[in-house]
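Protein chains: 2
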Amino acid sequence: MQELTIPLNPKAGIPLYEQIYRYIKEDIQKGRIGAKEKLPSSRALSAHLEVSRSTVDLAYGQLLAEGYLESAPCRGYYACSMEELYRLVPDTEMQEPKDTGKTFAYDYDFTPNGIDLDSFPYGIWRKISRNILIDDKKELFRLGDPKGERELRETIRSYLHQARGVNCSPEQVVLGAGNDYLLLLLSAVLGTGHRIAMETPTYKHAYRIFEQLGFLLSTVPADAQGMQVDQLQKTGADIAYVMPSHQYPLGIVMPIKRRLELLAWAEERKGRYLIEDDYDSEFRYKGKPIPSLQGSDSGGRVIYMGTFSKSIAPAIRISYLVLPRELLRLCEEKLCLFSSTVSRIDQMILNTFIKEGHFERHLNRMRTIYKRKHDLLLAGLKPLSGFCRVAGEQAGVHLLLEFRDGRTEEEVIDRAREAGVRVYPLSEYRTGGERRGEGRCTAVILGYATLSEEEIAEAAKRLVSVWS
Amino acid sequence: MQELTIPLNPKAGIPLYEQIYRYIKEDIQKGRIGAKEKLPSSRALSAHLEVSRSTVDLAYGQLLAEGYLESAPCRGYYACSMEELYRLVPDTEMQEPKDTGKTFAYDYDFTPNGIDLDSFPYGIWRKISRNILIDDKKELFRLGDPKGERELRETIRSYLHQARGVNCSPEQVVLGAGNDYLLLLLSAVLGTGHRIAMETPTYKHAYRIFEQLGFLLSTVPADAQGMQVDQLQKTGADIAYVMPSHQYPLGIVMPIKRRLELLAWAEERKGRYLIEDDYDSEFRYKGKPIPSLQGSDSGGRVIYMGTFSKSIAPAIRISYLVLPRELLRLCEEKLCLFSSTVSRIDQMILNTFIKEGHFERHLNRMRTIYKRKHDLLLAGLKPLSGFCRVAGEQAGVHLLLEFRDGRTEEEVIDRAREAGVRVYPLSEYRTGGERRGEGRCTAVILGYATLSEEEIAEAAKRLVSVWS
Chain Y
1 MQELTIPLNP
11 KAGIPLYEQI
21 YRYIKEDIQK
31 GRIGAKEKLP
41 SSRALSAHLE
51 VSRSTVDLAY
61 GQLLAEGYLE
71 SAPCRGYYAC
81 SMEELYRLVP
91 DTEMQEPKDT
101 GKTFAYDYDF
111 TPNGIDLDSF
121 PYGIWRKISR
131 NILIDDKKEL
141 FRLGDPKGER
151 ELRETIRSYL
161 HQARGVNCSP
171 EQVVLGAGND
181 YLLLLLSAVL
191 GTGHRIAMET
201 PTYKHAYRIF
211 EQLGFLLSTV
221 PADAQGMQVD
231 QLQKTGADIA
241 YVMPSHQYPL
251 GIVMPIKRRL
261 ELLAWAEERK
271 GRYLIEDDYD
281 SEFRYKGKPI
291 PSLQGSDSGG
301 RVIYMGTFSK
311 SIAPAIRISY
321 LVLPRELLRL
331 CEEKLCLFSS
341 TVSRIDQMIL
351 NTFIKEGHFE
361 RHLNRMRTIY
371 KRKHDLLLAG
381 LKPLSGFCRV
391 AGEQAGVHLL
401 LEFRDGRTEE
411 EVIDRAREAG
421 VRVYPLSEYR
431 TGGERRGEGR
441 CTAVILGYAT
451 LSEEEIAEAA
461 KRLVSVWS
Chain A
1001 MQELTIPLNP
1011 KAGIPLYEQI
1021 YRYIKEDIQK
1031 GRIGAKEKLP
1041 SSRALSAHLE
1051 VSRSTVDLAY
1061 GQLLAEGYLE
1071 SAPCRGYYAC
1081 SMEELYRLVP
1091 DTEMQEPKDT
1101 GKTFAYDYDF
1111 TPNGIDLDSF
1121 PYGIWRKISR
1131 NILIDDKKEL
1141 FRLGDPKGER
1151 ELRETIRSYL
1161 HQARGVNCSP
1171 EQVVLGAGND
1181 YLLLLLSAVL
1191 GTGHRIAMET
1201 PTYKHAYRIF
1211 EQLGFLLSTV
1221 PADAQGMQVD
1231 QLQKTGADIA
1241 YVMPSHQYPL
1251 GIVMPIKRRL
1261 ELLAWAEERK
1271 GRYLIEDDYD
1281 SEFRYKGKPI
1291 PSLQGSDSGG
1301 RVIYMGTFSK
1311 SIAPAIRISY
1321 LVLPRELLRL
1331 CEEKLCLFSS
1341 TVSRIDQMIL
1351 NTFIKEGHFE
1361 RHLNRMRTIY
1371 KRKHDLLLAG
1381 LKPLSGFCRV
1391 AGEQAGVHLL
1401 LEFRDGRTEE
1411 EVIDRAREAG
1421 VRVYPLSEYR
1431 TGGERRGEGR
1441 CTAVILGYAT
1451 LSEEEIAEAA
1461 KRLVSVWS
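Structure, rendered in structure tokens:
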């Protein structure tokens, strides 16, 4: 082959070997060095280019490793054939979709999502993080238990037993990075042939996730006690998803009788399960928290689900499943494969936060804060009581406002909007045939977690004035 | 009904209202108060028990909320009917499966899993954590972008472009809590009707996960260049999973020609994809890193996957997908539902770690450390070179030792075991019909990341003495 006269620039900031490597690579890519063509020996090339032989060896080595050259013993280096396969990589256009920020700017947003983060004990969290990273640091950076760290699972078990009446062993607790992930995990454990029944209205996010995961879905009307079991029977579902402590969005507390009926339904046939989503039961403003459905389950039919997203912070990404023994076995057999999705360091921070009593103190503080907001909102909306009923109060961080004077949801939302206040239509939470809300009363949802007391008072005032 | 004489103990440490609540609840559960039986008015009961009326109201309120009582306006409280549904919750036996710690104690374990954590800059990580939690703290505790924080995705994009030749926009980068999660996510995006082809031997963990997720799997023999494309054609697979930069466990670097053949295969038919698992390409001890397959992909056929588990620490739980535009659209449509599995705080810590140059410095330091271990192991095993060939060296944190003198894998493993050294049989990584290794040469895998230099030297000495 002809001599390779490579223009080298020692001042280019690119190592000489790399300049050689790039030049030859491009020549081969562009076909200037043809397939099977022999390259100069490294000695010849280094002499020609006036560089050290090791520089050329390094360049040839890289070209060999990437497959641009091949070497034949005692015969030297040859360009590989790229045949017709070669294509230049175009400079891909890296255009980003633009944000079309055309959202309406509300003064007050009663979003049911989000929590009050003003009172979070950041200092304590930071201090614990710092200490965790000092002590025993190396071990924490290794891969942990697929189900989550044993200590934290035991801490959560003990918390759930005391606070929620959940009966389980730490073995049954499985941690995951958020509820969405846990639903994904659950669908892998259960397999997707199942039909899941959900109340309507319901937590739409879970509904959509089940839909996406390929589950069949049925909608069961909720009466004042929650999911109607005779209607559930008719759906042919084998899994029912409920929120017995505080149904979302209706706020219904499922009475013990309905709970026992649901448990009886689940035990009627093998393979039936109840998913209990206990998303915000920490916050109850009157009396004790409502015990979990899992605590009444002697037949191992309840899959209990909880999260620290509401009680600590959404960004924490730690949720937990309590699996019945039968599913636990299945989960361990099938899914011991999946490494935990929660950082071990974060798990240990949370464990300390709970064990040192900070979680309990934080919950008590938040209960007081939310109760004040709750009371303030109820008081502020009082003038509407002539034609408007509050439901789902005394718990959680949202309530429901039902209009009984014939006005439509759209009117209610629009009036609020004109006053700069965002409230959320209940119809958005309905599923299935009930979607269009035939004959249903008009209702809106008001979440009060993210607004300050002043904002709540002012927003309520505006709502009263436009809705009266 | 008869009067309720509830034995109250003001010193029990349990609020009086709760004692009343518990007593009545148990009476209803045990049938001592029958269905539809009327309870004393709260005024009567408070007088009878000599407690304040609000105490009784609180107890009744809780029993109402949980559904043990119902109230009829102006008529008072009635016990609900529990019918035959009621069952006592037994004291569940909380027995734990015992650890049967009967594992053989090796002096030296050449595990291919795990990394060297001695040199991790814990102090810097801790300092960044602390600063992150101070600055702008509140925002970080809110739920973030489902795909991961924009800043970190941009940082990763830039890193991948510079270090791995990956061409993408930050939009195409999706973060997840570990590779296992990303495979779960990917299966939800792709749907499970697909057939995935993997080389044999291969990364068995991914193979098993695909199996569990319900994918069909095909095994394609690897020649010296990696997956054989003509064999791939025959499998009917529409997805091929490859590790072009450093095949696991063989250590093959896929040459450019084979890469282009694979890309051509993927472009031949719509819906075909290549999954490029770029698990340890950061570590290469000779020349530059091998560019990614994604960088040669102009047709949008490569799903690129990488992780910080090897390059930072397994416990960090941050991995990333780079999705081709076509799949990105699908992913965004279907999976915008799923909240990110990575804590926002952790994402910001990692972002700062990379942007301030700590990651690059750490990688360079680790490359030097691993190279020393790699060289030491090669030097230590030199005496075996008469009947034993090293493969897959110059990169990653493991190498392959092939015995060409007819001895069986079992003999090799057993001799090492007797010397207190654990090495890993290649046959464990084979899949499909090739599993039993007909006519294959004997080979073992030695990972050197977790052992110290002294341990490597001593372990190599022992291996030489028992294998010679």
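Top to bottom, those sequences are chains Y and A.
The first sequence begins at 1 in the working numbering and counts up by one.
The second sequence begins at 1001 in the working numbering and counts up by one.
Just so it is clear, CB atoms sit at the ideal spot from N, CA and C, and this is done for glycine as well.
Exposure label - residue i; buried when at least 16 CB within 10 Å
i, result
"Y/Asn167", "buried"
"Y/Ala197", "buried"
"A/Ile1115", "buried"
"Y/Thr408", "exposed"
"A/Asn1351", "buried"
"A/Ser1385", "exposed"
"Y/Leu16", "buried"
"A/Pro1314", "buried"
"Y/Lys147", "buried"
"A/Gly1236", "exposed"
"A/Ala1156", "In the sequence on display, residue 1156 of chain A carries Ile and not Ala. Its Cβ being crowded by 16 or more others within 10 Å, A/Ile1156 is buried."
"A/Gln1019", "buried"
"A/Ile1128", "buried"
"Y/Ile14", "exposed"
"Y/Asp278", "buried"
"A/Gly1176", "buried"
"Y/Ser46", "buried"
"A/Gln1062", "buried"
"A/Asp1346", "buried"
"A/Ser1281", "buried"
"A/Glu1199", "buried"
"A/Pro1249", "buried"
Cβ separation of residue i and residue j, assumed to be a contact under 8 Å, to the nearest whole Å
i, j, result
"Y/Asn179", "Y/Ser319", "5 Å"
"Y/Arg462", "Y/Ala419", "4 Å"
"Y/Arg325", "Y/Gly300", "5 Å"
"Y/Val423", "Y/Ile456", "Actually they are not in contact, since the Cβ atoms of Y/Val423 and Y/Ile456 sit about 13 Å apart, beyond 8 Å."
"A/Leu1140", "A/Leu1184", "Actually they do not touch by this definition, with Cβ atoms about 26 Å apart."
"A/Tyr1370", "A/Val1397", "6 Å"
"Y/Tyr77", "Y/Leu133", "Their Cβ separation, rounded to whole angstroms, is 51 Å, which puts Y/Tyr77 and Y/Leu133 out of contact at 8 Å."
"A/Val1466", "A/Arg1415", "4 Å"
"A/Ala1079", "A/Ile1033", "5 Å"
For residue i, the residue or residues it bridges with in DSSP
i, result
"A/Ala1395", "A/Arg1284"
"A/Cys1441", "Answer is none; A/Cys1441 lacks a bridge partner."
"Y/Ser319", "Y/Gly176 and Y/Thr307"
"Y/Tyr273", "Y/Ile239"
"Y/Ile349", "The partner list for Y/Ile349 (beta bridge, DSSP) is empty, contrary to what the question assumes."
"A/Gly1226", "A/Asp1223"
"Y/Ala197", "Y/Ser218 and Y/Ala240"
"Y/Phe403", "Y/Cys388 and Y/Thr442"
"Y/Pro425", "Y/Val444"
"A/Tyr1108", "A/Val1421"
Boundaries (first-last residue) of the alpha helix (DSSP H) holding residue i
i, result
"Y/Ala266", "Ile256 to Glu268"
"A/Arg1157", "Arg1150 to Arg1164"
"Y/Tyr77", "Not the alpha helix (DSSP H): Y/Tyr77 falls in the beta strand (DSSP E), residues Gly76 to Ala79."
"A/Ser1129", "Tyr1122 to Ile1134"
"Y/Phe210", "Lys204 to Gln212"
"Y/Arg462", "Glu453 to Trp467"
"Y/Ile413", "Glu409 to Glu418"
Bounding residues of the beta strand (DSSP E) (the contiguous stretch that carries residue i)
i, result
"A/Glu1356", "Note, A/Glu1356: premise wrong, no beta strand (DSSP E); not H, not E."
"Y/Ala72", "Leu69 to Ala72"
### Query
Fully enclosed by the segment 1006-1059 of chain A, which beta strand (DSSP E) runs are 3 residues long or longer?
Those beta strand (DSSP E) runs which fall completely within the segment 1006-1059 of chain A and span 3+ residues do not exist here.
### Message
Can you pull out the residues from the segment 1335-1355 of chain A whose beta carbon lies closer than 8 Å to at least one beta carbon of chain B?
### Response
Absence of chain B from the displayed structure is noted, the protein chains being Y and A.
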